[in-house]
Amino acid sequence: MKLDPKNLPLEYSTETNKLNILGFWIFLSAEIMLFATLFTTYFVYVDRGVGSGPAGAEIFELPPVLIETFLLLTSSFTIGLAVHAMRINRVKAMIWFMVVTLLLGAGFLSVEVYEFIHYYHIGATLQTSGFTAALLTTLGTHGAHVTMGLFWGIMIIIQILRDGLNARTANKSFIFSLYWHFLDVMWIFIFSFIYLKGMM
Amino acid sequence: MDFSDRFSIPPHDDPMLYASIVAIVLTSIAIVVGVTYFKKWGYLWNNWLTTVDHKRIGIMYIISALLMLFRGGADAVMMRLQTAVPDNTFLDAQHYNEVFTTHGVVMIFFMAMAFIIGMMNFVVPLQIGARDVAFPRLNALSFWLYFTGAMLLNLSFVVGGSPDAGWTNYYPMAGPEFSQHVGVNYYNWALQISGIGTLMTGINFIATIIKMRAPGMKLMKMPIFIWAALITNLMIVLAFPVLTIALLMGTLDRQFLTNFFTTSDGGMDMMWANLFWVWGHPEVYILIIPAFGIYSTIIAAFSERNLYGYTSMVASILAISALSFLVWVHHFFTMGQGALTNSIFSITTMLIAVPTGIKIFNWLLTMWKGKIRFATPMLYSIAFIPLFTIGGSTGVMLGMASADYQYHNTLFLVAHFHNVIIPGVVFAMIAGLIFYWPKMFGFMLNERIGKWAFWNITIGFCLAFFPMYFTGLNGQARRMYTYSEATGFSTLSMISFIGTLLLAVGFVFLVYNIFYSYRHAPRNIGGDPWNARTLEWATHSPVPEYNFAISPTVHSEEAFWDYKENDYELFKGKVEDIHMPNNSGWSIIFAGFFFAFGFFFIFHVWVGVIIAFLGIIGCLIYRSFEKDDGHHIHKEEIEATEKELGGAK
Amino acid sequence: MKLKGVYIAFFAIISGFLAGCELLVLDPKGPQADKLANVIWISIITMIVVTIVVLVMLTIILFKYRASKQDPDYKPPHIEGNKYVEIIIVGVPILIVAFLSVVSVISVHQVETAPEGYETDEPLVIYASSSNWKWHFSYPEQDIETVNYVFIPTNQNVEFRLYSHGTISSFWIPQLAGQKYAMSDMTNYLNIVAEEPGEYFGRNANFNGEGFAENEFNVTALPADEFDSWIEDIQNTAEPLTEEKFEELLEPGHLGHMTFTGTHQDFMPAPEGENSPHNHGKSDSEDDSGHPH
């Protein structure tokens, strides 16, 4: 995105803000490597690491996965709306969109917890095989990121309520939206290459 | 295993361990008493422990690196003493295994990494004409997380037992089945925590170099060390997450009994080796590239010439860093992945010799037609060239997949990587330390004692490691705690031990030099005692808090040289108020919770883990709500300081 | 130029030392190790040439351009670089690396297949498996098993099938062939020919814990007829290997040389083919990728 230097959005308005956003992009590239390593590991174990445990096709269930995907994709849309509201300086709308985003995120997490309990009941635990360990670690790392995002989002909402929209809070909200979109992209990879590929 | 068994002080019944515990306790008491007696707690807290100043953080990194150098060096002496004569009983097998594991981990993660990061911390902002790094608070946190990791690993020596599976920590040997005491847990958590710190350093320095260069410093006008630092930190950001995941999987295997690297239920032991080296090989270049940058700086300065082939130097750094991600399989050619795979990785490995060769020739050509002064930093740089050529050559030999079947896991390999890391990284760091010492502390280190140290270290190095090439070819595997008389390794092993002692003596000279020079060296040495070329020499020694009273404007990669020789106007404009970040104790407290978290996790003390985790969350929340806009140093204050230090520069 | 003389003397001594003393790796007794020794010599000579060139250049430059020898007013010139010089400093390393790559690729293919001159032989199969800190050798055809020592016939292609009962180890007989890993979840194949009868030193080269230093074994190469009578002798005199006995042998520790009739392959087969632990899903064939046939 090429920004007009005379008319910078609030989140880019100070030197510190610009540095923070650049720094966060660099952090996201490290996160991409992190998930890339997890995916690679998963692909290594998905066929050869099953041992005596169940294979992916035997444990995956489509409905919860579809619900998770729907919730997270929608939340990515709503956080986009929140940033848009921020750009046109409608604080109230922005906060509401952020709340909706976090609620959708919480919904996603609850379904994921249900999914994990389901795996536990059908005997696919962390300890079952190399495959289940790789699967649950990949999903768990993503889930932990979402959880972290929930708390982070709450902190930001509190600060906007307290201080209103200024260079500082706008910067934080924008960075949070980058993070949230990133988690969504990672989920699309998980959905396609772990679930869909595994069920085929 | 019971908790009480895990939590054993000391881990073995060994008089030497008791002696070291007593020594550690006494030293700690002495430090606390000393600081209290001289009423230095306030000074220590205000000026060092809470600092966000990149120069002080750099110095703290370097001090820690030197401490770790002595810790790792003591391990090295013990190892060579044990193997100096056949059938020695100075150390038993278990103790020896812990010693060489700790030696490797300490030297790579807590000595070499800390040294290069410390050097980058001190030099990078000065050399790009900036006032600090992009995220000063994060920088302090990086240091304290590194320090936490280092302390955790060192604690293992006295509480619970050190890791004993080699610094490469191959599974399944490092797994719960074959390594039952807590040593490898320490490995996992110490590296995990300091790894997070390193990753943050990477992010911080990329942002700093991209965004905070002095006006006029375009990418191809950056001093070569800045290029080296930029590429190094990119590699850190790309490589360290791989280690994070590998360590996480190791932790899950050991502490939650998963089957990533086990021998049953679909576990794959070589997966660890793959992940470890996907991180590990770039790591080697993360260490050597900043060292190359230091050598380029020093060789140019002491030849009084510009760096020959600047563009090809930058290109070769880029080529080396890209290739370094494509060679990891050469660490286990013998795994049986077939001739085709080995051929490919053999070729990519040897290709690294091309950009490295370019660099060697460029350094030679930088000295060509120069005016070479043999100051100590330059001596290390000169010794580096032939020694590193030998190390690089044996690297090419190891890169030949078929021949590697005979070198793999032998002392030939050990000789090779010490031959690149010691003349490559360690010499560079010592040279850099001596070179930047006046900039850090405002006085120079004694040249005569420095040269004594240099000759001891260089000759000691040759004696210690060249014999290993021969014993390796004679069938001596690495990591053997002893050998029999009949093997015929004893003469060369004894030579190697003598070399190690010389190295140790050299390091003692190095430290003595600091004490000696602190007492006797003249102050008031001016900003540029070496007649050097880059921006950091344009400000005072030692450097004031704000680095430059006026931000320099730059038109070439040697702007300061042009300022001295070609009347280039470096400081345009006038003194203004300078905005600086505030000190904060947050980083050290945050890292303290990490220490507790790691320690309790190692011993499965879940209550402690939860409490420490809440502490970490609390720190994050505090930081989220904290408003810290820094402070301004006023114009008058700056002008006063400048006057006192000898005129505005 | 005294220093130059010192350098040359230094390398002469090193080369003399290398040539004169019998370093195991450079004293091969079979075609595989012989190939590797040749590769090593080629690379050593190439690298000595490179090192000498760098040393000579460095020495000349240091002598010619040191400050003490120069006019105090001498101002070194500013030199950016030169196209032809750069072509040379890029080109020469590329040529050297290309040459060594060819050597490397050819030789690695050679040592990964049956040795030259023995391609058509039906190999003698010996399973070599490691446990902490021992080596177990099973002769499936002859139906005998030994611990920590192995007899092989001379001038006969022997196929070692390597795997481990736990930690990763590396099977190494320096005078006969290079190393290969023995791992618990796959079988590796190593072809060896001994061309001279005699005793050879073998060991695990990969660190695997407390007993690593003593994790050695003996290799004895005998002419074919003596080997056959040795086999017959053992078949007639040794105790049978039971499953309980073998479990006992697997306990961590050291054992001397032992001999049994029967092999543990009957009740604890090697991880190859259908016994591979990763033999699920789509990758059935991959486990045999290392197999030379």
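Residue numbers (the working numbering), protein chains in the order written: chain A, 31 to 230; chain B, 27 to 675; chain C, 1372 to 1664. C-beta atoms are modelled at their ideal positions from N, C-alpha and C, and glycine is treated no differently.
Under DSSP, Phe541/B forms no beta bridge with any residue. A residue is called buried when at least 16 other Cβ atoms come within 10 angstroms of its Cβ; Pro381/B meets this threshold and is buried. In the structure shown, Asn1646/C falls within a helical segment according to DSSP collapsed to helix, strand and coil. Of the residues Arg97/B, Leu278/B and Val59/B, the one whose Cα lies closest to the Cα of Ser46/B is Arg97/B.
Of all C-beta pairs linking the segment 1585-1599 of chain C to the segment 1519-1537 of chain C, three or more are shorter than 8 Å, placing the two stretches in contact. Chain-ordered, the chain B residues with CB closer than 7 Å to the CB of Leu1471/C read Met376, Val422 and Met426. For the options Ser1502/C, Trp1506/C and Ile1497/C, the alpha carbon positioned closest to that of Glu1512/C is the one of Ile1497/C. Interface residue (Cβ-Cβ distance to chain B less than 8 Å): Leu52/A is classified as such.
Nearest to Phe221/A by alpha-carbon distance, out of Ile118/A, Leu133/A, Val95/A and Leu40/A, is Val95/A.
With respect to chain C, the C-beta atom of Gly153/A has no partner C-beta closer than 8 Å. The residues Phe1522 and Glu1570, in chain order, have a CB closer than 6 Å to that of Thr1591/C in the same chain once the five nearest residues on each side in sequence are set aside. Burial check for Pro403/B: the Cβ neighbour count within 10 Å reaches 16 or more, so the residue is buried.
In the DSSP assignment, Gly60/B falls outside any beta strand (DSSP E) and within the unbroken alpha helix (DSSP H) covering Pro41 to Tyr63. Rounded to whole angstroms, Gly170/A and Leu274/B show a C-alpha spacing of 12 Å.
Look at the segment 1617-1628 of chain C: it has no residue with a C-beta under 8 Å from a C-beta of chain B. Between Ser1540/C and Ala1553/C a beta carbon distance of about 5 Å is seen, short of the 8 Å cut, so the two are scored as contacting. Exclusion of the five residues before and after Phe515/B leaves Thr497, Gln502 and Tyr509 as the residues of its chain whose Cβ lies within less than 6 Å of its Cβ. For Ala255/B, none of the residues of chain A pass the 8 Å Cβ criterion, the least Cβ distance being about 14 Å.
Contact of Thr177/A with chain B is not assigned, every C-beta pair being separated by 8 Å or more. Annotation: Met1554/C is outside any beta strand (DSSP E) and is labelled neither H nor E by DSSP. Partner residues in the beta bridge of Pro1524/C, as assigned by DSSP, are Leu1593/C. Judged by DSSP secondary structure, Thr415/B falls within the alpha helix (DSSP H) whose first and last residues are Thr402 to Gly425. The segment 1433-1446 of chain C makes no contact with the segment 438-445 of chain B; the number of CB pairs closer than 8 Å stays below 3. Spanning the alpha carbons of Met520/B and Met105/B requires a straight line of approximately 12 Å. Under DSSP, Val1518/C takes part in a beta bridge, and its partners are His1507/C and Met1629/C. Within chain A, not a single residue places a beta-carbon under 7 Å from that of Ile576/B; the smallest gap is close to 18 Å. When secondary structure is reduced to three states using DSSP, Phe96/B falls in the helix class. The CB of His1536/C never comes closer than 9 Å to any CB in chain A; the least such distance is about 18 Å. Counting other Cβ atoms within 10 Å of its Cβ, Lys202/A reaches 16 or more and is therefore classed as buried. For the segment 74-131 of chain B, the continuous alpha helix (DSSP H) assignments of 4+ residues that do not extend past its boundaries occur at 80-110 and 119-131, in sequence order. Scanning Pro39/A, Tyr75/A and Glu88/A for the CA closest to the CA of Ala115/A turns up Pro39/A.
Comparing C-alpha distances from Ala558/B to each of Ser428/B, Pro249/B and Phe318/B shows the shortest one belongs to Pro249/B. At a cut-off of 8 Å between beta carbons, Lys600/B makes no contact with chain C. Beta-bridge analysis with DSSP links His658/B to His605/B. Taken in chain order, no unbroken stretch of alpha helix (DSSP H) lies wholly in the segment 1433-1479 of chain C with a span of 4 residues or more. For the segment 316-340 of chain B, residues whose beta-carbon sits nearer than 8 Å to a beta-carbon of chain C comprise Ser329, Glu330, Arg331, Asn332, Tyr334, Gly335, Tyr336, Thr337 and Ser338.
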